Amino acid sequence: MELGATVCAPRNPQCPVCPLMADCKTRGEHKTPRRAPMISRAVGYALSVRTESEAGKRDGPGGREVLLEQRPAQQTVMPGMWELPILLRADVPEKDLRMTVRHAIMQVNYYVRVRTVFEDDIEGMTVEAGSAAGAAARSSRDGADGTGAQGADARAFVTGSVDG
Ligand code: SF4
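Position one of the sequence shown corresponds to residue 167 (our numbering), numbered consecutively onward.
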């Protein structure tokens, strides 16, 4: 018999009819801990794309390059992963939105807003790689556990496939 499915249900244990009642230590008195309330965080990312000809590689295959930055190797969360640069302002105006994503991790709902940023504007609109502002932005985004306490290690355009 699946006791947990039929008798000892987490929120409604049927102790009086349970075959284990004589030996059970709790007899239904253990409460299921309440889940921590979900919190929301807004994060903005910059999508900066250039063609290889814009980058001066006129002999290349004509592909596109995307600006990415690398998380520090010391971070406990996704060390060394490449990601889009973080925008200074997460409140991207609707007219500038490229896409939005809601992504839930543990008790945090991330509301991610991505906007197109031209290469010439990238320094003014994103947190500087390796800067204190970058470290603060990462710490705020990744949580207050200190895992996001560094800025990015590197920032570079890499060949990628981006539609639109
Ligand atoms: S007696 Fe114990 S095992 Fe049986 S239903 Fe109650 S809590 Fe679950």
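Every residue gets a Cβ at the ideal spot worked out from N, C-alpha and C, and that includes glycine. Quick caveat, the model's predicted, so the values are computed rather than measured.
Listed in chain order, the beta strand (DSSP E) runs fully inside the segment 215–269 are 215–217 and 230–236, counting runs of at least 3 residues. The three-state reading of DSSP puts Thr172 in helix, counting H, G and I together. Of the candidates Pro185, Arg201, Pro203 and Glu218, the residue whose Cα lies closest to the Cα of Val324 is Glu218. Between the C-alpha atoms of Leu233 and Asn275 there is a straight-line separation of about 25 Å. One residue after another in chain order, those with a Cβ under 7 Å from a heavy atom of the ligand SF4 are Leu169, Val173, Cys174, Pro179, Gln180, Cys181, Cys184, Leu186, Met187, Cys190, Thr192, Arg193 and Gly194.
When Val280, Asp257 and Lys261 are compared, the shortest CA-CA separation from Val267 is found for Val280. Relative to the Cα of Arg200, the nearest Cα in the group Gln240, Asp286 and Pro176 belongs to Pro176.
Taking Val258 as the centre and dropping the five residues before and after it, the same chain places the C-beta of Gly210, Arg279 and Arg281 closer than 6 Å to its C-beta, in chain order.
If you draw a straight line from the Cα of Ala270 to the Cα of Ala322, it is about 28 Å long. For Gly210, the uninterrupted beta strand (DSSP E) segment begins and ends at Ile205 to Leu213. DSSP lists Val209 and Val267 as the beta-bridge partner residues of Val278.
A straight line joining the alpha-carbon of Ala188 with that of Glu249 spans about 56 Å. Around the beta carbon of Ala171, fewer than 16 other beta carbons sit within 10 angstroms, so the residue counts as exposed. Taken through DSSP and simplified to helix, strand or coil, Val183 comes out as helix. Here the alpha carbons of Lys197 and Pro185 stand approximately 20 Å from one another.
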